[in-house]
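Written out below as C-alpha cells is the structure these notes cover.
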Amino acid sequence: MADMFELMLALDLRDELSAGELTELRWHLGAGSQPDTLSIVTEFPVVEEDEDGEFVIEDHPEPLLGQHGDSYKIGGALVSVLLRRQDTGQEGWALTSRQEIHPDDFERTGELLSWLAAKASERHLGSDGEVHLGWIRFYEEPRPTPLVVRDGAVVWPS
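Count the sequence shown with the working numbering and you get residues 1 to 158, in order.
Rendered as C-alpha cells:
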C-alpha cells in the first residue's frame with residue numbers, strides 16, 4: 001500500500017520577497033536553477049552507504065514542490081506556478097501547486113510551507129491565528145482536509 005498524499009496549495013504572498021528568496025522559491029517550484037546558497041530550507045539529509053560500507057549522512061538538496069507532469073498515484077497533473085499579481089489591485093505573488101507527497105517528506109516540506117505561511121497575505125489568516133495554505137488528501141480519500149500552519153508548524157494528517 002502506498003502512503004501518498006495529494007498536496008494542493010493556493011495562496012497569495014505579500015510583496016516582500018527578496019531576490020534571493022524568489023530565486024530559491026522558484027527552484028523549489030521546479031521553475032529555476034538551484035541557488036548557490038539556500039536560506040529557506042537549508043538541510044536535505046540523506047543516509048547513504050560509503051565505499052567502506054559505513055552509513056553516512058550527506059546533503060542532497062532537491063526542489064520540494066518541483067514535480068511536473070503525470071502524477072503517480074493521485075491522478076491528474078502535478079504542477080507548480082508562481083505569478084506576479086498584476087491588474088488585480090493587489091501587490092504580491094500568486095502561488096498554486098499540486099504535488100504528490102509521502103509522509104517521509106512532511107518534515108522538510110513543512111519547513112517550506114511554514115516559511116510560505118509567514119509570507120502569506122492576510123486573507124489566508126484565520127480568526128484563530130491559523131494560516132490556511134490549501135488542502136491535503138490521502139490518495140484513497142475522496143475529500144481533502146484543510147492544510148494549515150498553526151504556531152509556525154504545519155498541521156499534517158495523522
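Glycine included, every Cβ here is placed at the ideal spot set by N, Cα and C.
What would DSSP say about Leu25, mapped onto helix, strand or coil? helix
Beta-carbon proximity list for Thr109, same chain, < 7 Å, skipping 5 on both sides: Leu64 and Ile101
Helix, strand or coil: how does DSSP classify Ser39 here? Coil, per DSSP.
Buried or exposed for Ile136, please, with buried defined as at least 16 other CB atoms from any protein chain shown within 10 angstroms of its CB. buried
Please classify His124 as buried or exposed, where buried requires at least 16 other C-beta atoms within 10 Å of its C-beta. buried
Just to confirm before moving on: does the CB-CB distance between Gly66 and Ser80 stay below 8 Å? yes
Where does the unbroken beta strand (DSSP E) through Glu58 begin, and where does it stop? Phe55 to Asp59
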